[in-house]
Amino acid sequence: MRKKIVAGNWKMNKNLQEGIELVKEIKALCDADKPNCGVIVCTPFIHLASVTPLVNQDIIGIGAENCADKESGAYTGEVSASMVASTGARYCILGHSERRAYYHETAEILKEKVQLALANNLIPIFCIGEVKEERLANQQNQVVKAQLEGSLFNLSAEDFGKIILAYEPVWAIGTGLTATPEQAEDIHAFIRSLVADKYGKQVADDCTILYGGSCKPSNAKELFAKPDVDGGLIGGASLKAADFKGIIDAWK
Ligand code: PEP
Numbered sequence: 240m241r242k243k244i245v246a247g248n249w250k251m252n253k254n255l256q257e258g259i260e261l262v263k264e265i266k267a268l269c270d271a272d273k274p275n276c277g278v279i280v281c282t283p284f285i286h287l288a289s290v291t292p293l294v295n296q297d298i299i300g301i302g303a304e305n306c307a308d309k310e311s312g313a314y315t316g317e318v319s320a321s322m323v324a325s326t327g328a329r330y331c332i333l334g335h336s337e338r339r340a341y342y343h344e345t346a347e348i349l350k351e352k353v354q355l356a357l358a359n360n361l362i363p364i365f366c367i368g369e370v371k372e373e374r375l376a377n378q379q380n381q382v383v384k385a386q387l388e389g390s391l392f393n394l395s396a397e398d399f400g401k402i403i404l405a406y407e408p409v410w411a412i413g414t415g416l417t418a419t420p421e422q423a424e425d426i427h428a429f430i431r432s433l434v435a436d437k438y439g440k441q442v443a444d445d446c447t448i449l450y451g452g453s454c455k456p457s458n459a460k461e462l463f464a465k466p467d468v469d470g471g472l473i474g475g476a477s478l479k480a481a482d483f484k485g486i487i488d489a490w491k
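Going by this note's numbering, the first residue of the sequence shown is number 240, and it counts up by one from there.
Okay, here's the thing in structure tokens:
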């Protein structure tokens, strides 16, 4: 059975004290009113070791937003998958469009990161999605297909089964322009069909595919109502505990 999940991506926001406060607030809201879905909070590296002891990760999982494409060594400023895992974090966002665009992360680099994350028992939350020009040219399906083939379809069925996918149309990220539930459903169903072609129906049925891009409490319910939308990866609205909980509550 695939999991329903709401995951937050803080990006480069919140200092250590603010981040600890936010995790405590999310925990208090989830303690008071139990979520009906998996909840994951992905934070900058510096928060991880401080926030993992604050939560029961069977209820609120903690993840990083990135990891290095190398195991260890002379890579100044990088943070390896094994270092992330040593904080107690369980998840790692990989392939976010901001990493692809601003830090030139290619399909090949992401393939390495995915393998290192898995080797260190981190669950990758792997982001795919087209830019505005590609959507206008109706190329979204071929873009996500190439992204899956370029970084994930080398995996065994067993390893692929550990991945959480996040479809994030780049034109919807941080713009207030949300994909319509129909647009989201169309491409989520297409992504699931690609997984079925590659790994078979069971793996595809079990694959969690999140939607990301200006998801908020006011639109989450209609997006999550679509059969192939298994929850959301949330940027801006994950920075306020009440908004994040409002999206979690869309599963109620
Ligand atoms: C994201 O960056 O993963 C994202 C979905 O951002 P936002 O919710 O702010 O559009």
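Backbone N, C-alpha and C fix where the C-beta goes; we use that ideal spot for every residue, glycine too.
If I follow the unbroken alpha helix (DSSP H) through G258, where does it start and stop? L255 to A271
Cβ of A405 versus every heavy atom of ligand 1: is any distance shorter than 8 Å? yes
Within 10 angstroms of the Cβ of W450, are there 16 or more other Cβ atoms? Answer buried if so, exposed if not. For clarity, residue 450 is Tyr in the given sequence; the question names Trp instead. Buried is the call here.
Just to confirm, are A324 and A307 a CB contact at a threshold of 9 Å? no
Does DSSP classify F365 as helix, strand or coil? strand
Is the CB-CB distance between E344 and G368 below 9 Å? no
N458 - DSSP class collapsed to helix/strand/coil: helix
Can you tell me whether DSSP reads I299 as helix, strand or coil? strand
Taking the runs of the beta strand (DSSP E) that are 3 residues or longer, which of them lie wholly in the stretch 378 to 410? 403 to 406
So, at 7 Å on beta carbons, what are the nonlocal neighbours of E264 in its own chain, with the 5 sequence-adjacent residues on each side left out? A480
On the criterion of 16 or more Cβ atoms from any shown chain inside 10 Å, does K266 qualify as buried, or is it exposed? buried
Beta-carbon within less than 6 Å of K460's beta-carbon, same chain only, minus the 5 sequence neighbours each way: which residues are those? A489
Do V442 and L391 have their beta-carbon atoms positioned less than 9 Å apart in this structure? no
Under the three-state reduction of DSSP, which class applies to G312: helix, strand or coil? coil
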